[in-house]
Structures are given as structure tokens and as C-alpha cells.
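A quick write-up on the structure given underneath.
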Amino acid sequence: MNKVLRVLFLISLAIFLIQIWFIPLRSIMGSWPYPSILPEDWNFSFWTLLFSGGDLSKSLFSSLILSLSVALFATLGGFLLSRSIFGGEKDKSQSLLIFAYLPFLISPVLYAACLYFFFVKFELSASWPGVFIAQIFIALPYSLILWSGFWTKRTRDLEQQSRSLGASSLQTFKKVILPYAGGLLFVCFFQC
1319 MNKVLRVLFL
1329 ISLAIFLIQI
1339 WFIPLRSIMG
1349 SWPYPSILPE
1359 DWNFSFWTLL
1369 FSGGDLSKSL
1379 FSSLILSLSV
1389 ALFATLGGFL
1399 LSRSIFGGEK
1409 DKSQSLLIFA
1419 YLPFLISPVL
1429 YAACLYFFFV
1439 KFELSASWPG
1449 VFIAQIFIAL
1459 PYSLILWSGF
1469 WTKRTRDLEQ
1479 QSRSLGASSL
1489 QTFKKVILPY
1499 AGGLLFVCFF
1509 QC
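Using our numbering, you'd call the opening residue of the sequence shown number 1319 and step up by one each time.
And the structure:
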């Protein structure tokens, strides 16, 4: 029975890895007619085009910088905003959480059409700051939703215990809250 489970696991892992490795493998293949099992030729022209310093590499670099800056801003902004919204003693924050769900409650096409008017009016359409702001409008509320479950009574108690033992606000933040939130910071960054 144990051997059968291992074989099934290896087959499912192979099926999963084929899906992941097919796109990079396809990028170095030339023509590949249907009945052939292997491609007829191998072609690295796509990779040379990417690393030759042309428009494609500039687009890749710009996209990486944009996605990293959106993820960083949304993660840190969501963390700090959620602290001020959800970290208090009185739990009035659940009524404020509905505003974080608004971008996900309405149709994405309708949401984008409503925002597009303002992006055209303020000349942000098809620009780097416009794309950054448009992605923040989705990523920051998502980050707030992720962080809303972090600021529980236990987190507030850890913070209060640290302060009662003589730690300053900065020490509590650096030595208690950040290590406690480390896993969720990582998840939130890659989700955003």
C-alpha cells in the first residue's frame, strides 16, 4: 500500500512539474509539428532577445520593479493601516472591514470602468504611476483583509506584556511584533 502511494505521489508530482516546466522548455524549442514526440530544432532566439538589452528586457525590468514596489507598498501599508484600524481595544473595526471588501464585491469590469474615467481625467492612463495606483487599489485592500485576522487579543496581549516589561514602542515593534508577524509578512508580500 505504501509503495502504491509513493508511485501515485510521483505521478502527480510529475504531472504538476510538467505544467511548470513546459513554458521555459517551450521557449527554447523551434518548430514542433503535431505527430512528432520531440521538437525538430532548438532555438534560443527568445532568450537572446530577452537579454540583449532591447525593449523586451526593459519591459521585464520595469514589470519586476513595478510588481515589487506594489507588493512592498501594499504589504507595509496594509500592515501599518491594519494596526491602526484593527489593533485597538474596541472592536469597531469590523464595520470598517467592509470597505476593504468593496473592490472584490463589485464586478472587476465595472470597477475598472469607474476608475478609468478618473485615470484619464488626471492623465494617469498608460503611465507607470497610473499602473502602480491601479494595482494598489486592488492589492492594498487585499492586504488589509489578510492583516485583519492578525491583530487579535493575543497580539495585543503580547504587545502589552512587552511594554509592561519595560520595552519601548520601537523595541516592542522590532523585537515582538515583527518576528511574530514574519510568516504573514512573507505570505502577504508574495500574495500582493
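The beta carbon of each residue, even a glycine, is placed where N, CA and C say it ideally should be.
Per DSSP, the bridge partner or partners of Trp1350:
As a position in the sequence shown, residue 1350 is number 32, starting the count at 1. In DSSP, Trp1350 forms no bridge with anything.
Taking Leu1399 as the reference, give the member of Ser1385, Leu1384, Phe1417, Leu1382 with the closest Cα.
Mapped onto the sequence shown, residue 1399 falls at position 81. Ranking the options by Cα distance to Leu1399, first place goes to Phe1417.
According to DSSP, residues forming a beta bridge with Trp1360:
As a position in the sequence shown, residue 1360 is number 42, starting the count at 1. Trp1360 pairs with Met1347.
With the cut-off set at 7 Å, would you say Ala1392 and Ala1457 are in Cβ contact?
The residue given as residue 1392 occupies position 74 in the sequence shown. The residue given as residue 1457 occupies position 139 in the sequence shown. Yes; because the gap between Cβ atoms is below 7 Å, this pair is in contact.
Can you give me the Cβ contacts of Ser1443 inside the same chain, cut-off strictly under 8 Å, excluding the 5 residues immediately before and after it?
In the sequence shown, the residue the question calls residue 1443 occupies position 125. Tyr1434, Phe1437.
I'd like the span of the alpha helix (DSSP H) that includes Gly1500, first residue to last.
Taking the sequence shown and counting its residues from 1, one reaches residue 1500 at position 182. Looking at the DSSP string, the run of the alpha helix (DSSP H) that includes Gly1500 is 1500-1509.
Expressed to the nearest angstrom, what Euclidean distance is found between the alpha-carbon atoms of Phe1334 and Leu1384?
By one-based count along the sequence shown, residue 1334 stands at place 16. By one-based count along the sequence shown, residue 1384 stands at place 66. Phe1334 and Leu1384: Cα-Cα distance of roughly 29 Å.
Check for me: the alpha helix (DSSP H) holding Phe1391 runs from which residue to which?
Position 73 of the sequence shown, counting from 1, holds the residue named residue 1391. That run of the alpha helix (DSSP H) goes 1373-1404.
Could you check whether Leu1476 and Val1494 sit closer than 7 Å to each other, using their CB atoms as the reference points?
Reading the sequence shown from its first residue, position 176 is the one you call residue 1494. Reading the sequence shown from its first residue, position 158 is the one you call residue 1476. Against a cut-off of 7 Å, the Cβ pair of Leu1476 and Val1494 comes out as a contact.
Rounded to whole angstroms, how far is the Cβ of Ser1349 from the Cβ of Glu1358, which I believe are closer than 8 Å?
Taking the sequence shown and counting its residues from 1, one reaches residue 1349 at position 31. Taking the sequence shown and counting its residues from 1, one reaches residue 1358 at position 40. About 5 Å separates the two Cβ atoms, so the contact holds.
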